[in-house]
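Trainee:
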Amino acid sequence: MDTTPHDFIRARIVRDLNDGTVKHEIITRFPPEPNGFLHIGHAKSICLNFGVADEFGGQTYLRFDDTNPLTESEGFVEAIKKDVNWLGYDWGDRLTFASDYFEQIYAFAEELVVRGCAFVCDLSAEELQATRGTLTTVGQNSPFRDRSIDENLTLLQKMKAGNFATGSRVLRAKIDMSSPNLNQRDPVLYRVIHAAHHRTGDQWCIYPMYDFTHCICDALEGITHSLCTLEFEDHRALYDWVLDNININFHPPQIEFSRLNLEHTITSKRVLRELVDQQFVNGWDDPRMPTLAGLRNRGVPPAAIRDFCRRVGVTKQENTIETELLDFCIRSDLEEKAPRCMVVRDPLLLEVTNFSGEDIRLTANWHPKLTEFGMRELVFGRKIYIDQTDFSEDPPPKYKRLVPGGIVRLRYAFIVRCDEVVKDDSGKIICLKVTYFPDSRSGNDTSGLKPKGVIQFVAENNALPIEIRDYEHLFLSKTPSSSTWQDSLNSNSVAVSNALVERTIYARSEQHWQFERMGYYFRSPGHDSEVKPVYHRTVSLSQRW
RNA sequence: UGGGGUGUGGCCAAGUGGUAAGGCAACGGGCUUUGAACCCGUCAUUCGCAGGUUCGAAUCCUGCCACCCCAGCCA
Numbered sequence: 001m002d003t004t005p006h007d008f009i010r011a012r013i014v015r016d017l018n019d020g021t022v023k024h025e026i027i028t029r030f031p032p033e034p035n036g037f038l039h040i041g042h043a044k045s046i047c048l049n050f051g052v053a054d055e056f057g058g059q060t061y062l063r064f065d066d067t068n069p070l071t072e073s074e075g076f077v078e079a080i081k082k083d084v085n086w087l088g089y090d091w092g093d094r095l096t097f098a099s100d101y102f103e104q105i106y107a108f109a110e111e112l113v114v115r116g117c118a119f120v121c122d123l124s125a126e127e128l129q130a131t132r133g134t135l136t137t138v139g140q141n142s143p144f145r146d147r148s149i150d151e152n153l154t155l156l157q158k159m160k161a162g163n164f165a166t167g168s169r170v171l172r173a174k175i176d177m178s179s180p181n182l183n184q185r186d187p188v189l190y191r192v193i194h195a196a197h198h199r200t201g202d203q204w205c206i207y208p209m210y211d212f213t214h215c216i217c218d219a220l221e222g223i224t225h226s227l228c229t230l231e232f233e234d235h236r237a238l239y240d241w242v243l244d245n246i247n248i249n250f251h252p253p254q255i256e257f258s259r260l261n262l263e264h265t266i267t268s269k270r271v272l273r274e275l276v277d278q279q280f281v282n283g284w285d286d287p288r289m290p291t292l293a294g295l296r297n298r299g300v301p302p303a304a305i306r307d308f309c310r311r312v313g314v315t316k317q318e319n320t321i322e323t324e325l326l327d328f329c330i331r332s333d334l335e336e337k338a339p340r341c342m343v344v345r346d347p348l349l350l351e352v353t354n355f356s357g358e359d360i361r362l363t364a365n366w367h368p369k370l371t372e373f374g375m376r377e378l379v380f381g382r383k384i385y386i387d388q389t390d391f392s393e394d395p396p397p398k399y400k401r402l403v404p405g406g407i408v409r410l411r412y413a414f415i416v417r418c419d420e421v422v423k424d425d426s427g428k429i430i431c432l433k434v435t436y437f438p439d440s441r442s443g444n445d446t447s448g449l450k451p452k453g454v455i456q457f458v459a460e461n462n463a464l465p466i467e468i469r470d471y472e473h474l475f476l477s478k479t480p481s482s483s484t485w486q487d488s489l490n491s492n493s494v495a496v497s498n499a500l501v502e503r504t505i506y507a508r509s510e511q512h513w514q515f516e517r518m519g520y521y522f523r524s525p526g527h528d529s530e531v532k533p534v535y536h537r538t539v540s541l542s543q544r545w
């Protein structure tokens, strides 16, 4: 089965290869800004850029777009590298930083000045904004627009030398203040910021803007296809203008695609930062976060994310993907990777009144279909636990579990009948007295009984405690607004409960598990055998009833 | 209102003049010692709308409508 994607970008690459536009290998880049963690939206871009290079035998740079020392830091660089790696991609020796090119970028700025294509502007940020014009009215030329080349060069050099205060002067491209494209209205190329940079330290006090930096870095690295999201479409004219007006011998094409939006999710770094800062979550890597680190901690396998990105496709259409698709990808990956076991969330004691003597040892497959997973031993005895929700005195229609007087199959064990419901003074059920049918043993059932349902159980003598954390969406709305996100914040996005598990899994090394009839769970790393293990719900099982 | 984009079923998405792929979801059924998985089946006479060209249009032309992005010394 051919699952290789065929989208307009890959079609473009094939065309460029066939008509000789690209004569050698395909080179792409993934250019994150190290001012936050990567999220599921970035995964789409990573899979696209690295995926395309893989498919066409090319290479991909991991290039940090670090031109704003005020918001960026080394910590984010490391987190991003870890996440890209985890997702399954390798940049080899192609790890670069925009700051690696500061010297060259500055030289191009001087070149622009010498060519009369850029000027130093003394307008304040407010004045600049006031003279930029609006969507429907043209802007006004800066009074500094016609400075001589010599004066501009001297001023630019003084900016670089640190003679001017932060924000006091900028270098602007001389393009067209009446352009209907706001980005072309003499955009700022360089600004003065007296701040230490995480890589270059105090070496610079002027920093290039994105529009000036990105195209130059792309050209310098020989990027054959510069892929970015739709909001940069208006910037393409500037991208091209810069490369057309400096002496550089390569001009990558910028190609835009629509970013990924997910229901119940916000992928705005600003909002994610607020969630972290205001402690609505426990950090960027909280399992509820849509960050790659968060998804990893929830137990989402990288292969599932790659599959998800593949199924989502690449187009220029705005889209909001249903969370069901991501869930589907996670389940289908875990279905054949996760061993099964039985867990009881809210234990309800069953006393098997006709059972006495030694516990019975039973065996069960770790996986219902994949025999290579092997088997484990189960215990059945006089006292066992089932989930409270698997018993009902007042069952809804089509209820298939245990009811007073009814029978149910205990998975991999025996059929039991509920004879008596024992309650305390307050009416709370404390125990169920049941009878088991010795001839109904799994695999050797001669009882002739046909219970409607099967439920999981753990024998008291085989139970060990664990903590499970069940997660829900962070936002109630399918399309939470990044400006009013607090309004739809889910105050019950995590439910912590104590549960009982078959004791054998304490010693197992697997992290991914399917707790039968409950969902896929992920054992939190960092919990050794001394303490009660914590399991995060990666995704529930699909429930069609 | 200027500019840049996008409109194919609930959500994605193929399709590039020859008579609407596929996935997710949903629904119906089968199988089942996980209400899981798996298997079968159903799900756009129609492609934002209106005209036009053509033997034939989602695909070409004209007009209109809707939605998204742009007025950071952020990226």
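Under my numbering, the first residue of the first sequence is numbered 1, with each subsequent residue one higher.
Even for Gly, the Cβ is constructed at its ideal location relative to N, Cα and C.
Everything numeric in this text was worked out from a predicted model, so none of it was measured.
Would you identify the three-state DSSP class for residue 75, choosing helix, strand or coil?
Mentor: As a position in the first sequence, residue 75 is number 75, starting the count at 1. Of the three classes helix, strand and coil, the one that applies to residue 75 here is helix, per DSSP.
Trainee: Nearest by alpha-carbon distance to residue 37: which of 371, 291, 456 and 544 is it?
Mentor: Residue mapping note: residue 37 aligns to position 37 of the first sequence, counting from 1. Measuring from the Cα of residue 37, the nearest candidate turns out to be 291.
Trainee: Taking the CB atoms as reference points, tell me whether residue 97 and residue 64 lie closer together than 8 Å.
Mentor: Your numbering for residue 97 matches position 97 in the first sequence. Your numbering for residue 64 matches position 64 in the first sequence. Going by C-beta atoms, residue 97 is nearer than 8 Å to residue 64.
Trainee: Tell me, please, whether the stretch 74 to 91 touches the stretch 43 to 63 by the rule of three or more beta-carbon pairs shorter than 8 Å.
Mentor: yes
Trainee: What separation, rounded to the nearest whole angstrom, lies between the Cα atoms of residue 184 and residue 176?
Mentor: What you label residue 184 is simply residue 184 of the first sequence in a count that begins at 1. What you label residue 176 is simply residue 176 of the first sequence in a count that begins at 1. Roughly 6 Å separates the two Cα atoms.
Trainee: Assuming residue 196 and residue 69 make a contact with CB atoms under 8 Å, what is their CB distance in whole Å?
Mentor: Against the first sequence, residue 196 aligns to sequence position 196. Against the first sequence, residue 69 aligns to sequence position 69. Yes, residue 196 and residue 69 are in contact; Cβ-Cβ is about 6 Å, under 8 Å.
Trainee: Would you list the one or two residues that DSSP bridges to residue 498?
Mentor: By one-based count along the first sequence, residue 498 stands at place 498. DSSP, once it has assigned bridges, lists 467 as partnering residue 498.
Trainee: Starting from the Cα of residue 413, find the closest Cα among 431, 447, 157 and 45 and give me that residue.
Mentor: On the first sequence, position 413 is the one that residue 413 refers to. It is 447.
Trainee: So what does residue 512 bridge to, in DSSP terms?
Mentor: By 1-based counting over the first sequence, the position of residue 512 is 512. BP columns for residue 512 point to 522.
Trainee: In terms of residues, what are the limits of the beta strand (DSSP E) holding residue 375?
Mentor: For the purposes of this step, residue 375 is taken as the residue at position 375 of the first sequence. Per DSSP, residue 375 belongs to the beta strand (DSSP E) from 375 to 380.
Trainee: When we look at the beta-carbon of residue 362 and count the other beta-carbons within 10 Å, is it buried (16 or more) or exposed?
Mentor: Your numbering for residue 362 matches position 362 in the first sequence. Its Cβ being crowded by 16 or more others within 10 Å, residue 362 is buried.
Trainee: Considering only the beta carbon of each residue, do residue 29 and residue 221 sit closer than 8 Å?
Mentor: Taking the first residue of the first sequence as 1, we reach residue 29 at position 29. Taking the first residue of the first sequence as 1, we reach residue 221 at position 221. At a Cβ-Cβ threshold of 8 Å, residue 29 and residue 221 count as neighbours.
Trainee: If we count the other Cβ atoms within 10 Å of its Cβ and call it buried at 16 or more, is residue 297 buried or exposed?
Mentor: Along the first sequence, read from residue 1 onward, the residue named residue 297 stands at position 297. Buried, because 16 or more other Cβ atoms sit within 10 Å of the Cβ of residue 297.
Trainee: Here's a check: name, in chain order, each residue in its chain whose Cβ is nearer than 8 Å to the Cβ of residue 320, leaving out the five neighbours to either side.
Mentor: Here the question's residue 320 lines up with position 320 in the first sequence. If we look at residue 320 and ignore the five residues flanking it on each side, its Cβ neighbours are 261, 262, 263, 478 and 479.
Trainee: Kindly give me the distance between the Cβ atoms of residue 80 and residue 113, rounded to whole angstroms, as I take these residues to be in contact under 8 Å.
Mentor: Your numbering for residue 80 matches position 80 in the first sequence. Your numbering for residue 113 matches position 113 in the first sequence. With 8 Å as the limit, residue 80 and residue 113 do not qualify as a contact, their Cβ atoms being about 34 Å apart.
Trainee: In this structure, how does DSSP classify residue 217 when only helix, strand and coil are distinguished?
Mentor: The residue given as residue 217 occupies position 217 in the first sequence. It is helical.
Trainee: Mind checking residue 104: buried by the 16 CB within 10 Å criterion, or exposed?
Mentor: Along the first sequence, read from residue 1 onward, the residue named residue 104 stands at position 104. It is exposed - the Cβ of residue 104 has fewer than 16 other Cβ atoms within 10 Å.
Trainee: List the DSSP bridge partners of residue 48.
Mentor: Along the first sequence, read from residue 1 onward, the residue named residue 48 stands at position 48. According to DSSP, which records beta bridges pairwise, residue 48 is partnered with nothing at all.
Trainee: Output yes or no for whether 8 Å exceeds the beta carbon distance between residue 162 and residue 125.
Mentor: In the first sequence, counting from the first residue as 1, residue 162 sits at position 162. In the first sequence, counting from the first residue as 1, residue 125 sits at position 125. Going by C-beta atoms, residue 162 is not nearer than 8 Å to residue 125.
Trainee: Going by DSSP in three states, residue 237 sits in which element: helix, strand or coil?
Mentor: Numbered from its first residue, the first sequence carries residue 237 at position 237. Reduced to three states, the DSSP call for residue 237 is helix.
Trainee: In terms of residue numbering, what span does the alpha helix (DSSP H) encompassing residue 325 cover?
Mentor: Mapped onto the first sequence, residue 325 falls at position 325. For residue 325, the enclosing alpha helix (DSSP H) starts and ends at 323 to 335.
Trainee: Looking at the structure shown, is residue 371 part of a helix, part of a strand, or coil, going by DSSP?
Mentor: Along the first sequence, read from residue 1 onward, the residue named residue 371 stands at position 371. It is helical.
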